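Undergrad: Residue numbers (the working numbering), protein chains in the order written: chain A, 40 to 831; chain B, 52 to 298.
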């Protein structure tokens with residue numbers, strides 16, 4: 040049929056051939072460039088069409104990694120922390136000082152760096168009672184005309200007006216937590232026991248203090264006459280003054296100045312850093328996790344891309360040679376390969392940039408986000424582009440050096456038996472396995488690249504599983520992260536003894552430890568730290584001590600990593616604090632895992648506190664019997680006390696970190712894509728290298744199934760090695776990495792968990808199994824296919 | 052008088068494989084005039100493929116000169132050779148070497164586009180060439196869907212897309228059955244009659260018989276030059292005699 044239609048002897052080549060070499064050898068560079076582009080576009084289009092899946096994988100992998108990096112940078116940059124925006128909008132004060140009496144404004148405004156002074160405002164502690172639930176509130180005075188500094192930003196309702204005899208403006212996070220609405224009741228009880236039915240007129244954002252419930256008490260503003268009515272006694276209220284500084288970074292001189300000026304007067308101080316930290320919502324941890332995954336993922340992606348391009352160049356050697364014989368120069372081949380594979384990477388980056396914005400908002404579930412500033416955005420886009428370019432450039436350069444003789448066979452493969460193959464031979468494994476083992480390492484560099492390409496995603500997956508295991512451990516063994524007690528009981532209306540008796544009577548309660556939390560001024564008196572009395576020296580609360588020992592005598596204390604870092608002290612040091620004016624000197628004897636307050640908590644026996652702070656105990660921490668359901672116990676306790684007790688469930692930090700699980704699953708998906716991309720490359724290369732062998736193997740009498748087994752063994756061995764190496768590396772790194780993170784976040788080292796052996800085994804089996812399944816398809820097809828007889 | 056399309060002077064190629072130098076072409080002087088059809092014959096390993104690879108710039112010469120259309124080409128760099136190939140030289144290989152991912156039409160249009168022709172003109176040329184070669188119906192097919200003879204005809208169309216002054220064919224029928232061989236040779240003959248200079252490498256005497264002139268290579272040297280009178284180093288009773296008898 041091929042020769043059935045012979046062409047007419049007409050003019051086949053068109054015009055007469057052109058012999059004018061001499062006058063036209065100097066080709067016009069411009070037209071050549073344009074023409075090359077046209078020809079190259081055809082080639083690229085055809086190539087992409089031929090390997091849609093691989094191209095899609097490259098794009099998805101790069102997009103996933105850029106998404107992870109953008110999200111992490113957004114989280115790390117505090118773009119998600121509303122503090123930045125709110126502080127600027129409200130012209131917030133950098134330092135807030137709580138004093139007994141109103142300080143002298145003129146003297147404060149003369150302090151170094153102070154630009155403006157907010158207040159002093161009178162503030163009274165009151166209790167809000169809604170639906171039987173009591174919440175402490177700081178009711179602060181506010182003028183009807185908005186102040187110049189630290190303006191409450193009215194988001195709903197209206198600001199206070201002169202003549203508002205019962206109106207309050209409530210801080211929004213507090214209102215949200217208590218479900219307060221504009222126009223709703225706000226019944227408060229002063230210290231004298233009188234209840235005042237106030238009305239919520241507005242909800243406002245503020246950076247005067249952090250978000251409720253991380254920061255208590257809740258905040259509400261009202262006009263001075265109303266406050267005077269609620270709390271007539273000046274002695275039972277405090278004075279709150281804000282300092283706005285010229286340079287927010289330089290809080291220390293102003294703070295020291297204020298301490299000197301108001302000596303003895305200061306009850307509490309806070310700076311913008313603490314406010315910001317309380318609004319942070321653990322995004323830093325998430326950000327770090329994402330950054331770690333993103334960067335390692337970038338390395339894995341670079342490997343995957345280099346592998347993919349390198350493999351593609353090898354499989355296309357003949358086509359590239361043909362292009363060169365048609366007149367492509369070395370540089371143009373390089374350019375075409377760079378353009379094709381680089382474009383895929385760039386497309387991935389663009390998609391990743393878009394997804395990054397969406398992902399950040401998804402992770403934060405509606406929290407308003409300031410977009411990432413252009414610096415890190417450009418760095419991520421540029422960095423990823425550079426990595427992609429380098430990853431493409433090396434194999435593309437090799438592609439450009441392909442000799443232009445299409446018929447020339449590829450460099451002969453080194454055919455020596457690897458050690459592994461010899462071992463396989465010695466063990467008298469089936470021939471297919473021996474041959475496959477030999478094939479695995481015929482090309483050393485691609486073989487090792489394939490191993491690394493699988494190992495890095497696997498390592499990251501193992502680390503992800505380790506984070507998962509750590510979270511599980513938090514939930515399953517809260518006592519190991521310093522949360523032995525599942526419930527806290529506040530006596531409220533009942534005497535403390537009665538509360539203790541009711542708690543101990545419950546069958547689900549194993550032990551009840553008396554506790555109190557007081558704020559103490561740290562030695563330099565620049566800020567407050569939380570000190571927590573729990574248990575007694577004789578019967579200490581079961582903290583999870585990871586360094587040193589538990590406190591065992593009066594005056595001994597244990598601390599979280601955050602406190603050690605904050606005060607710059609070590610175990611064995613003595614720390615001097617001031618609690619409500621009384622000095623308190625404790626001997627640090629141990630470090631505990633401390634998930635609260637960034638680890639900036641000092642804990643000791645309640646007998647260490649002065650009696651005025653310790654008797655009666657503010658609350659009892661209840662350790663439940665194994666298997667007891669906290670909510671059932673809580674319900675029983677409430678019933679037993681006739682709703683007189685206040686019973687709270689302790690919030691496990693892992694519950695707040697639940698979003699990390701979503702992130703881990705998503706990242707494992709991206710990493711699996713990367714592994715898959717590497718796998719396809721390795722399989723394609725294996726097929727290409729052994730296309731000739733297949734004929735020989737069949738001639739030798741191997742069945743198609745044995746041939747397929749040979750191919751799968753060749754690729755599978757690399758996968759198994761990669762998976763093993765990656766899992767081992769990940770498992771040995773994960774504990775240390777999480778502890779490092781724990782250390783820097785203040786919780787402290789000692790929380791990191793390696794995934795269980797079973798999890799690791801399952802992960803490895805799934806990885807190897809699915810990889811082998813994926814390789815089986817092309818291998819089976821190749822084994823059944825006609826043996827190629829043409830040169831490659 | 053116009054200068055010859057190809058003129059090689061004492062062309063030598065020595066492969067340096069490890070310690071031992073392997074001479075493939077040993078001082079070949081070959082002159083091909085415009086419109087001439089030269090067949091280069093010789094047994095396997097006689098250096099005939101190396102010779103036309105050097106003439107097309109696919110391989111660098113070790114020493115000697117290559118003149119194309121009166122211009123010296125052996126000093127050109129790789130990229131300059133590439134530019135030269137785009138417009139002046141068409142290649143046909145034994146294994147067709149069509150770009151597997153591209154359609155027949157794209158394969159044929161590629162060299163024209165590369166030489167700076169507009170997409171429209173490239174399509175016109177492709178339609179014309181495929182029409183002449185009886186392949187219009189297969190324009191959108193992938194090379195793998197074509198029979199060997201068809202693939203070689205597409206390769207021929209691709210080689211002719213830029214109306215090269217020189218067509219180099221390396222065993223173009225080496226992989227074809229006799230019927231397809233006949234068709235491809237007829238096409239080559241027709242192209243030649245239109246004035247196309249062709250250098251064809253083959254070890255098949257029947258194929259060589261189509262040429263104006265048969266040059267016989269043995270161990271990298273010309274042992275017989277059928278069109279150029281007496282060869283300089285022609286030993287009597289060599290392989291060339293057989294070819295001349297058949298031709």
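Note that the Cβ used here is the ideal one computed from N, Cα and C, for glycine as well.
The structure displayed is predicted, hence computed values, not measured ones.
Less than 8 Å between the beta carbons of residue 278 (chain A) and residue 270 (chain A), yes or no?
TA: Residue mapping note: residue 278 (chain A) aligns to position 239 of the first chain, counting from 1. Residue mapping note: residue 270 (chain A) aligns to position 231 of the first chain, counting from 1. Against a cut-off of 8 Å, the Cβ pair of residue 270 (chain A) and residue 278 (chain A) comes out as no contact.
Undergrad: Along the chain, where does the beta strand (DSSP E) containing residue 155 (chain A) start, and where does it finish?
TA: Locating residue 155 (chain A) in the first chain gives position 116, counting from the first residue. From DSSP, the beta strand (DSSP E) with residue 155 (chain A) extends over 153-169.
Undergrad: What number of angstroms, rounded off, separates the C-alpha of residue 64 (chain A) from the C-alpha of residue 199 (chain B)?
TA: The residue labelled residue 64 (chain A) in the question sits at position 25 within the first chain. The residue labelled residue 199 (chain B) in the question sits at position 148 within the second chain. Here residue 64 (chain A) scores only 39 on pLDDT, less than 50, and its place in the model should not be relied on; the value that follows carries that caveat. Those two C-alpha atoms are separated by around 35 Å.
Undergrad: May I ask you to list, following chain order, the residues of the region 186-211 of chain B that have a beta carbon less than 7 Å from some beta carbon of chain A?
TA: Within the region 186-211 of chain B, the residues whose Cβ lies closer than 7 Å to some Cβ of chain A are 198, 200, 201 and 211, listed in chain order.
Undergrad: In its own chain, which residues sit with a C-beta less than 6 Å from the C-beta of residue 215 (chain B), not counting the 5 before and 5 after it?
TA: Here residue 215 (chain B) refers to the residue found at position 164 when the second chain is read from its first residue. Within the same chain, residue 215 (chain B) has close Cβ partners 139, 140 and 141.
Undergrad: Helix, strand or coil for residue 72 (chain B) per DSSP?
TA: One-based indexing of the second chain puts residue 72 (chain B) at position 21. In the structure shown, residue 72 (chain B) sits in a strand (DSSP, three-state: E or B).
Undergrad: Would the beta-carbon of residue 356 (chain A) fall within 8 Å of that of residue 441 (chain A)?
TA: For the purposes of this step, residue 356 (chain A) is taken as residue 317 along the first chain, with counting starting at 1. For the purposes of this step, residue 441 (chain A) is taken as residue 402 along the first chain, with counting starting at 1. A contact, by the Cβ cut-off of 8 Å.
Undergrad: If I'm right that residue 523 (chain A) touches residue 659 (chain A) with Cβ under 8 Å, what's the distance once you round it to whole angstroms?
TA: By one-based count along the first chain, residue 523 (chain A) stands at place 484. By one-based count along the first chain, residue 659 (chain A) stands at place 620. Wrong, their Cβ atoms sit about 13 Å apart, outside the cutoff.
Undergrad: By the three-class DSSP mapping on this structure, what secondary structure does residue 668 (chain A) have?
TA: As a position in the first chain, residue 668 (chain A) is number 629, starting the count at 1. Three-state result, residue 668 (chain A): coil.
Undergrad: Pick from A:793, A:177, A:131 and A:803: whose alpha carbon is nearest that of residue 185 (chain A)?
TA: Start at 1 with the first residue of the first chain, and residue 185 (chain A) comes out as number 146. Cα-wise, what sits closest to residue 185 (chain A) is A:131.
Undergrad: How is residue 132 (chain B) classed by DSSP in three states: helix, strand or coil?
TA: The count along the second chain starts at 1 and reaches residue 132 (chain B) at position 81. In this structure, residue 132 (chain B) counts as helix in the three-state DSSP scheme.
Undergrad: Identify the residues that DSSP records as bridge partners of residue 574 (chain A): which are they?
TA: Counting from one through the first chain, the residue named residue 574 (chain A) turns up at place 535. The partner list for residue 574 (chain A) (beta bridge, DSSP) reads A:579.
Undergrad: Out of B:95, B:137, B:74 and B:143, which has the shortest C-alpha to C-alpha gap to residue 113 (chain B)?
TA: Walking along the second chain from the start, residue 113 (chain B) turns up at place 62. It is B:74 whose Cα lies nearest to the Cα of residue 113 (chain B).
Undergrad: What residue from B:123, B:189 and B:96 has the CA that sits closest to residue 60 (chain B)'s CA?
TA: The residue labelled residue 60 (chain B) in the question sits at position 9 within the second chain. Nearest of B:123, B:189 and B:96 to residue 60 (chain B), Cα basis: B:123.
Undergrad: Could you tell me the distance, in whole angstroms, from the CA atom of residue 617 (chain A) to the CA atom of residue 559 (chain A)?
TA: On the first chain, position 578 is the one that residue 617 (chain A) refers to. On the first chain, position 520 is the one that residue 559 (chain A) refers to. Spanning the two alpha carbons is a distance of roughly 5 Å.
Undergrad: Under the assumption that residue 852 (chain A) contacts residue 438 (chain A) (Cβ atoms under 8 Å), give the Cβ distance between them as a whole number of angstroms.
TA: Chain A is shown from 40 up to 831; residue 852 (chain A) falls before or after that span and cannot be answered.
Undergrad: Among the candidates A:656, A:641 and A:307, whose CA atom is the shortest distance from the CA of residue 138 (chain A)?
TA: Position 99 of the first chain, counted from the first residue, corresponds to residue 138 (chain A). For the residues A:656, A:641 and A:307, the minimum Cα distance to residue 138 (chain A) belongs to A:307.
Undergrad: Please list, in chain order, the residues of the region 233-252 of chain B that have any C-beta partner in chain A closer than 8 Å.
TA: Cβ contacts with chain A: 233, 234, 237, 238, 241, 242, 244, 245, 246, 247 and 248.
Undergrad: Could you say if the region 631-651 of chain A and the region 494-506 of chain A meet the contact criterion of at least three C-beta pairs nearer than 8 Å?
TA: No, because fewer than three Cβ pairs between the region 631-651 of chain A and the region 494-506 of chain A fall closer than 8 Å, the two stretches do not touch.
Undergrad: Under 8 Å by Cβ, that's how I've got residue 648 (chain A) and residue 573 (chain A) pegged, so tell me the actual separation to the nearest angstrom.
TA: For the purposes of this step, residue 648 (chain A) is taken as residue 609 along the first chain, with counting starting at 1. For the purposes of this step, residue 573 (chain A) is taken as residue 534 along the first chain, with counting starting at 1. Incorrect: roughly 11 Å between the Cβ atoms, too far for contact.
Undergrad: DSSP state of residue 737 (chain A), grouped into three classes?
TA: Indexing the first chain from 1 puts residue 737 (chain A) at position 698. Helix, per DSSP.
Undergrad: When you compare only the Cα positions, how much space is there between residue 808 (chain A) and residue 107 (chain A)?
TA: As a working mapping, residue 808 (chain A) is identified with position 769 in the first chain. As a working mapping, residue 107 (chain A) is identified with position 68 in the first chain. Cα-Cα distance, rounded: 27 Å.
Undergrad: Does the separation of the CB atoms of residue 230 (chain A) and residue 209 (chain A) fall below 8 Å?
TA: Start at 1 with the first residue of the first chain, and residue 230 (chain A) comes out as number 191. Start at 1 with the first residue of the first chain, and residue 209 (chain A) comes out as number 170. Not closer than 8 Å, so no.
Undergrad: Does the beta-carbon of residue 64 (chain B) have 16 or more other beta-carbons within 10 angstroms, so that it is buried, or is it exposed?
TA: Start at 1 with the first residue of the second chain, and residue 64 (chain B) comes out as number 13. Label assigned to residue 64 (chain B): buried.
Undergrad: Just to confirm before moving on: does the CB-CB distance between residue 435 (chain A) and residue 348 (chain A) stay below 8 Å?
TA: To locate residue 435 (chain A), count along the first chain from 1; it is residue 396. To locate residue 348 (chain A), count along the first chain from 1; it is residue 309. Going by C-beta atoms, residue 435 (chain A) is nearer than 8 Å to residue 348 (chain A).
Undergrad: Per DSSP, what kind of secondary structure is residue 123 (chain B) in: helix, strand or coil?
TA: Along the second chain, one-based indexing puts residue 123 (chain B) at 72. The answer is strand: DSSP assigns residue 123 (chain B) an E or B state.
Undergrad: Starting from the C-beta of residue 66 (chain A), find all residues in its chain whose C-beta is less than 6 Å away, skip the five residues before and the five after it, and write them out in chain order.
TA: For the purposes of this step, residue 66 (chain A) is taken as residue 27 along the first chain, with counting starting at 1. For residue 66 (chain A), the predicted model reports a pLDDT of 41, less than 50, meaning its position is unreliable; a value from the coordinates is still stated below. Within the same chain, residue 66 (chain A) has no close Cβ partners at all.
Undergrad: Less than 8 Å between the beta carbons of residue 377 (chain A) and residue 765 (chain A), yes or no?
TA: As a working note, residue 377 (chain A) is residue 338 in the first chain. As a working note, residue 765 (chain A) is residue 726 in the first chain. Contact flag unset, no.
Undergrad: For chain B, find out if any of its Cβ atoms is closer than 8 Å to the Cβ of residue 370 (chain A); answer yes or no.
TA: By 1-based counting over the first chain, the position of residue 370 (chain A) is 331. It does; some Cβ of chain B falls within 8 Å.
Undergrad: If the criterion is Cβ atoms closer than 8 Å, does the pair residue 605 (chain A) and residue 568 (chain A) meet it?
TA: In the first chain, the residue the question calls residue 605 (chain A) occupies position 566. In the first chain, the residue the question calls residue 568 (chain A) occupies position 529. Contact: yes.
Undergrad: Quick check: the Cα distance between residue 486 (chain A) and residue 427 (chain A), rounded to an integer number of angstroms?
TA: Here residue 486 (chain A) refers to the residue found at position 447 of the first chain. Here residue 427 (chain A) refers to the residue found at position 388 of the first chain. Each residue's alpha carbon lies about 21 Å from the other.
Undergrad: Which whole-angstrom value describes the C-beta separation of residue 770 (chain A) and residue 799 (chain A), a residue pair presumed to lie in contact below a C-beta threshold of 8 Å?
TA: Start at 1 with the first residue of the first chain, and residue 770 (chain A) comes out as number 731. Start at 1 with the first residue of the first chain, and residue 799 (chain A) comes out as number 760. Contact flag correct, Cβ pair sits at about 6 Å.
Undergrad: Quick check: what's the CA-CA separation for residue 282 (chain A) versus residue 250 (chain A)?
TA: Taking the first residue of the first chain as position 1, residue 282 (chain A) is located at position 243. Taking the first residue of the first chain as position 1, residue 250 (chain A) is located at position 211. Each residue's alpha carbon lies about 20 Å from the other.
Undergrad: In chain B, which residues lie less than 7 Å from residue 351 (chain A) when you measure between Cβ atoms?
TA: Numbered from its first residue, the first chain carries residue 351 (chain A) at position 312. Simply none; closest approach about 11 Å.
Undergrad: Is residue 193 (chain A) helix, strand or coil when you go by DSSP?
TA: As a working mapping, residue 193 (chain A) is identified with position 154 in the first chain. Reduced to three states, the DSSP call for residue 193 (chain A) is strand.
Undergrad: Could you list which residues in chain B have their beta carbon closer than 7 Å to that of residue 89 (chain A), in chain order?
TA: The count along the first chain starts at 1 and reaches residue 89 (chain A) at position 50. What residue 89 (chain A) touches in chain B: 152.
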